[in-house]
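With positions in the sequence shown counted from 1, the corresponding number in this note's numbering is that position plus 8. Positions of the beta carbon are idealized from the N, C-alpha and C atoms, including for glycine. Here the structure is a predicted model, which is why all the values come from computation and not from measurement. Please read the structure below before turning to the comments.
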Amino acid sequence: MTETNKGTGISLYSAGKENEISFVNFENIKIVGMETGLKLVAKKPSTGQAWINANRFMNFSLEDCVNMIYMDSQVTTPNEISGNQFTNLQIQPSNKTKSIIQVSGQHNEFHGMVWDLNKIKHETELIELTDKSMNTVVEMSSVPANRVLDSGKSNIVK
């Protein structure tokens, strides 16, 4: 039997007029063996705005996922993912891991630890701050600078 990492651990999706996911606390969650651990997507609605803003992700453990945290939005409205805080992250990659974080939106913060980078089978970037990211803070000292791609504006990587 072949091991496969399929599915999404937690998916937040906002796409309709004035759809929002805001001010929610996600606490003490462990996600293992998924294709995408945590997926946040804000699509542009035909009218109005859609957003995933001001949420807290506390004490998250992500292990053996292909993509750990994935975000897809514009920098700001009409479809944005902004002001979310990820604290006390513990991330354990495997030989299947391709991406640790892909970020869009503004004022998102990521604080935590990534373990055993040697298990990842490629040498390319693991954290991508897309051209749709701005004022992002990433504090993950275990990820070297050459594994971070910053295509955004005014982002801070510590």
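Whole angstroms are fine: how far does the CA of residue j sit from the CA of residue i?
i	j	result
Pro101	Trp59	29 Å
Ile135	Ser162	16 Å
Ile108	Ser54	31 Å
Met148	Val83	22 Å
Asp72	His130	15 Å
Lys47	Ala153	24 Å
Can you tell me the Cβ-Cβ gap for residue i and residue j, rounded? I've got them flagged as a contact below 8 Å.
i	j	result
Val151	Val122	5 Å
Gln57	Pro86	4 Å
Phe65	Phe94	5 Å
Asn96	Asn67	5 Å
Whose C-beta lies closer than 6 Å to the C-beta of residue i among residues of the same chain, with five residues either side of it excluded?
i	result
Met116	According to the sequence displayed, residue 116 carries Asn and not Met. The answer, listed in chain order, is Asn92, Thr144.
Would you say the beta carbon of residue i is closer than 8 Å to some non-hydrogen atom of the ligand ATP?
i	result
Leu20	The ligand ATP is absent from the structure shown, which contains no ligand whatsoever.
Tell me which residues share the same chain as residue i and place their Cβ nearer than 7 Å to its Cβ, disregarding the 5 neighbours each side in the sequence.
i	result
Ser22	Glu28, Ile29, Ala50, Ala58, Trp59, Ile60
Glu133	Arg155, Val156, Leu157
For residue i, count the other beta carbons within 10 Å of its own beta carbon; 16 or more makes it buried, fewer makes it exposed. Which is it?
i	result
Asp124	exposed
Glu88	buried
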